[in-house]
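Number of protein chains: 2
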Amino acid sequence: MTYCVGLLLESGLVLASDTRTNAGVDHVSTFPKMTVFSVPGERLLVTLTSGNLAISQAVINRLHKQIQEGALPNLHSVASLADAAKVVGDALRAVHEDDAEYLRKHSAEFIQSIILGGQIRGERPRLFNVYAAGNFIEAVPETPYFQIGETKYGKPILDRVIGNRSSLEEAAKCALLSFDSTIRSNLSVGMPIDIFLYRADSFSDAGQIRITDSDAYFNRLRKGWAEGLKKVFAALPDPDWF
Amino acid sequence: MTYCVGLLLESGLVLASDTRTNAGVDHVSTFPKMTVFSVPGERLLVTLTSGNLAISQAVINRLHKQIQEGALPNLHSVASLADAAKVVGDALRAVHEDDAEYLRKHSAEFIQSIILGGQIRGERPRLFNVYAAGNFIEAVPETPYFQIGETKYGKPILDRVIGNRSSLEEAAKCALLSFDSTIRSNLSVGMPIDIFLYRADSFSDAGQIRITDSDAYFNRLRKGWAEGLKKVFAALPDPDWF
Numbered sequence: 001m002t003y004c005v006g007l008l009l010e011s012g013l014v015l016a017s018d019t020r021t022n023a024g025v026d027h028v029s030t031f032p033k034m035t036v037f038s039v040p041g042e043r044l045l046v047t048l049t050s051g052n053l054a055i056s057q058a059v060i061n062r063l064h065k066q067i068q069e070g071a072l073p074n075l076h077s078v079a080s081l082a083d084a085a086k087v088v089g090d091a092l093r094a095v096h097e098d099d100a101e102y103l104r105k106h107s108a109e110f111i112q113s114i115i116l117g118g119q120i121r122g123e124r125p126r127l128f129n130v131y132a133a134g135n136f137i138e139a140v141p142e143t144p145y146f147q148i149g150e151t152k153y154g155k156p157i158l159d160r161v162i163g164n165r166s167s168l169e170e171a172a173k174c175a176l177l178s179f180d181s182t183i184r185s186n187l188s189v190g191m192p193i194d195i196f197l198y199r200a201d202s203f204s205d206a207g208q209i210r211i212t213d214s215d216a217y218f219n220r221l222r223k224g225w226a227e228g229l230k231k232v233f234a235a236l237p238d239p240d241w242f
Numbered sequence: 001m002t003y004c005v006g007l008l009l010e011s012g013l014v015l016a017s018d019t020r021t022n023a024g025v026d027h028v029s030t031f032p033k034m035t036v037f038s039v040p041g042e043r044l045l046v047t048l049t050s051g052n053l054a055i056s057q058a059v060i061n062r063l064h065k066q067i068q069e070g071a072l073p074n075l076h077s078v079a080s081l082a083d084a085a086k087v088v089g090d091a092l093r094a095v096h097e098d099d100a101e102y103l104r105k106h107s108a109e110f111i112q113s114i115i116l117g118g119q120i121r122g123e124r125p126r127l128f129n130v131y132a133a134g135n136f137i138e139a140v141p142e143t144p145y146f147q148i149g150e151t152k153y154g155k156p157i158l159d160r161v162i163g164n165r166s167s168l169e170e171a172a173k174c175a176l177l178s179f180d181s182t183i184r185s186n187l188s189v190g191m192p193i194d195i196f197l198y199r200a201d202s203f204s205d206a207g208q209i210r211i212t213d214s215d216a217y218f219n220r221l222r223k224g225w226a227e228g229l230k231k232v233f234a235a236l237p238d239p240d241w242f
């Protein structure tokens with residue numbers, strides 16, 4: 001399984017993904033699920049992929065190839081992020097056309113979701129969730145985040161803490177705690193975590209980092225959170241009916 | 001959907017279930033999912049059911065009928081909780097025999113899970129998870145809780161806070177917070193909550209209560225938890241790489 005989350009804020013975007021891929025308990029390995037398509041100073045696009053790894057890689061390869069070969073439209077040519085979401089959705093449809101029938105013959109489902117976030121000069125930062133069918137939805141201030149993959153364990157903390165006016169730093173903290181909750185409760189989501197803090201109008205990929213098991217900040221964060229929760233829990237009143 | 005949780009502690013059991021039943025967004029209603037089978041001073045058994053409501057009710061009716069008609073074995077006759085789990089599993093298998101074929105004709109799956117907790121004099125309190133197939137597993141000190149239904153949102157808080165040495169009061173607090181997280185993130189789980197605190201060797205059903213939206217203790221708990229989490233979150237350090 002996989003866990004990816006994208007948050008759309010007034011001040012920019014936070015995008016994060018785990019890196020665990022598995023097919024059964026023996027085939028556990030590390031593959032990045034975050035891909036950056038950038039033209040510094042002009043556009044910054046990030047995809048997070050969840051689902052069958054062969055499908056994810058086929059889609060990403062197709063998107064890269066379109067850029068290299070100058071096939072239009074591509075992620076470096078489109079003038080808006082909605083058009084970029086259409087390019088990603090069309091790539092997914094093309095991979096479906098190539099592979100879905102063969103997957104069916106092996107009783108394998110065509111499972112794929114893609115979060116696309118970024119900014120193209122002339123627009124504000126935007127965030128999309130592209131479905132396996134190639135259609136997509138866009139995040140709005142009232143619902144400023146998308147999750148894909150193993151989404152449920154890490155949802156309560158997002159629902160409690162994040163709004164679209166949260167700062168980038170708060171959103172990054174919250175995204176990492178959402179991963180912490182997921183990783184503690186589900187073996188199929190694993191370290192390291194790729195996280196991207198994108199500041200609006202920077203058109204830069206400087207905010208990308210890989211957080212490993214030994215990352216000092218992440219360990220301080222998860223320890224502080226665990227201890228803080230236990231303290232809050234202990235201070236709450238006991239049931240009064242028993 | 002449904003959310004039920006059972007916790008096995010050295011000091012007893014905590015069992016809790018929501019009461020929302022829905023079939024689509026129009027058919028939302030309240031049905032209890034907790035049923036108590038007790039012989040005061042001698043045995044106390046509680047079932048929590050998740051899945052198709054018609055199946056749940058068919059199983060519970062069958063269990064009641066066995067007791068009323070003196071059919072052996074039944075939940076009032078068995079000498080151990082493992083035997084009680086077998087009685088519940090056999091009732092499930094009988095309902096499957098009656099209904100599964102007809103459900104299939106309507107493309108409906110036979111979905112059912114049952115948590116069974118309690119104590120029969122001569123044994124310590126025990127907790128079982130009975131599967132749709134009628135077989136079952138028992139909780140152990142290392143894994144002292146079972147969840148059924150919409151389990152994921154409320155799992156992180158259980159994983160962080162509860163061990164089998166937790167007090168009944170702590171476990172009840174934690175179970176209610178686990179429901180709070182689930183209800184905030186998922187519309188299909190709803191108030192009121194039925195909760196049962198069973199103190200080991202009491203063989204009494206005095207610890208059962210229904211917690212409604214307006215319950216003063218529950219509201220104090222969820223408010224204190226929400227505020228406490230926000231405080232802990234705000235006090236955590238911001239990312240240092242950005």
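First to last, the sequence lines map onto chains A and B. Using the UniProt record's numbering, the first residue of the first sequence is number 1, and each one after it goes up by one. Using the UniProt record's numbering, the first residue of the second sequence is number 1, and each one after it goes up by one. Where a beta carbon is used, it is the ideal one built from N, C-alpha and C, also for glycine. Just so it is clear, the structure is predicted and the values come from calculations on it, not from any experiment.
{"Check": "Contact list for residue 161 of chain A against chain B, beta-carbon separation under 8 Å", "Outcome": "229, 230, 233"}
{"Check": "Residue 28 of chain B classed as buried or exposed, judged by whether at least 16 other C-beta atoms fall within 10 angstroms", "Outcome": "exposed"}
{"Check": "Close-in-space but distant-in-sequence residues of the same chain around residue 218 of chain A (CB under 7 Å, 5 per side omitted)", "Outcome": "176, 211"}
{"Check": "Sufficient close CB pairs (3 or more, under 8 Å) joining the region 41–56 of chain A to the region 112–129 of chain A", "Outcome": "yes"}
{"Check": "Inter-residue spacing [alpha-carbon to alpha-carbon] between residue 37 of chain A and residue 61 of chain A", "Outcome": "12 Å"}
{"Check": "Rounded Cβ spacing between residue 179 of chain B and residue 79 of chain B (contact assumed at less than 8 Å)", "Outcome": "Residue 179 of chain B to residue 79 of chain B, Cβ: 34 Å. No contact."}
{"Check": "For residue 71 of chain A and residue 222 of chain A, the rounded distance between their alpha carbons", "Outcome": "45 Å"}
{"Check": "Beta-carbon proximity of residue 2 of chain A to residue 49 of chain A, cut-off 9 Å", "Outcome": "yes"}
{"Check": "Boundaries of the beta strand (DSSP E) in which residue 36 of chain B is found, first to last residue", "Outcome": "34–39"}
{"Check": "Contact belief for residue 239 of chain A with residue 173 of chain B at Cβ below 8 Å, rounded distance in angstroms", "Outcome": "7 Å"}
{"Check": "First and last residue of the uninterrupted beta strand (DSSP E) at residue 127 of chain B", "Outcome": "126–130"}
{"Check": "Spatial neighbours of residue 137 of chain A in its chain, beta-carbon cut-off 6 Å, leaving aside the 5 residues before and after", "Outcome": "129"}
{"Check": "Chain-ordered chain A contacts of residue 86 of chain B [CB-CB under 8 Å]", "Outcome": "The premise fails here: residue 86 of chain B is roughly 31 Å from chain A at the closest Cβ pair, so nothing lies under 8 Å."}
{"Check": "Boundaries of the alpha helix (DSSP H) in which residue 53 of chain A is found, first to last residue", "Outcome": "53–69"}
{"Check": "Cut-off 8 Å between Cβ atoms - residues of its own chain near residue 157 of chain A, not counting five sequence neighbours on either side", "Outcome": "174, 177, 178, 181"}
{"Check": "Sheet register partners of residue 149 of chain A (DSSP bridge)", "Outcome": "A:3"}
{"Check": "Beta-carbon proximity of residue 88 of chain A to residue 58 of chain A, cut-off 9 Å", "Outcome": "no"}
{"Check": "When A:200, A:192, A:83 are compared against residue 10 of chain A, the one with the closest alpha-carbon", "Outcome": "A:200"}
{"Check": "Exposed unless 16 or more other CB atoms sit within 10 angstroms - verdict on residue 68 of chain A", "Outcome": "exposed"}
{"Check": "Short CB-CB distance (under 9 Å) between residue 224 of chain B and chain A", "Outcome": "yes"}
{"Check": "Close Cβ partners of residue 170 of chain B (< 8 Å) along its chain, the five nearest in sequence each way excluded", "Outcome": "161, 162"}
{"Check": "Closer than 9 Å at the beta carbon, the chain B residues around residue 173 of chain A", "Outcome": "233, 236, 237, 238, 239"}
{"Check": "Whole-number beta carbon distance between residue 30 of chain B and residue 114 of chain B, since they are thought to touch under 8 Å", "Outcome": "About 20 Å separates the two Cβ atoms, so there is no contact after all."}
{"Check": "Three-way DSSP call (helix, strand, coil) for residue 161 of chain A in this model", "Outcome": "helix"}
{"Check": "Cβ-based neighbour list, residue 185 of chain B, same chain, cut-off 8 Å, excluding 5 preceding and 5 following", "Outcome": "153"}
{"Check": "Residue-chain proximity (residue 60 of chain B, chain A), Cβ-Cβ < 9 Å", "Outcome": "no"}
{"Check": "Rounded C-alpha distance that separates residue 97 of chain B from residue 73 of chain B", "Outcome": "19 Å"}
{"Check": "Residue 156 of chain A: contacting residues in chain B (beta-carbon distance under 7 Å)", "Outcome": "153, 181, 184, 185"}
{"Check": "C-alpha gap between residue 196 of chain A and residue 82 of chain A, whole angstroms", "Outcome": "20 Å"}
{"Check": "Per-residue contacts from residue 210 of chain B into chain A (C-beta, under 9 Å)", "Outcome": "The premise fails here: residue 210 of chain B is roughly 10 Å from chain A at the closest Cβ pair, so nothing lies under 9 Å."}
{"Check": "Buried/exposed call for residue 105 of chain A, threshold 16 Cβ in 10 Å", "Outcome": "exposed"}
{"Check": "Outcome for residue 149 of chain A when other beta-carbon atoms lying within 10 angstroms are tallied against a minimum of 16", "Outcome": "buried"}
{"Check": "Boundaries of the alpha helix (DSSP H) in which residue 96 of chain B is found, first to last residue", "Outcome": "81–105"}
{"Check": "Cβ pair residue 229 of chain A, residue 229 of chain B closer than 9 Å", "Outcome": "yes"}
{"Check": "Interface partners of residue 220 of chain A on chain C, CB under 7 Å", "Outcome": "Protein chains A and B are contained in the structure displayed, whereas chain C is not."}
{"Check": "Of the residues A:33, A:141, A:101, the one placed nearest residue 191 of chain A, counting alpha carbons only", "Outcome": "A:33"}
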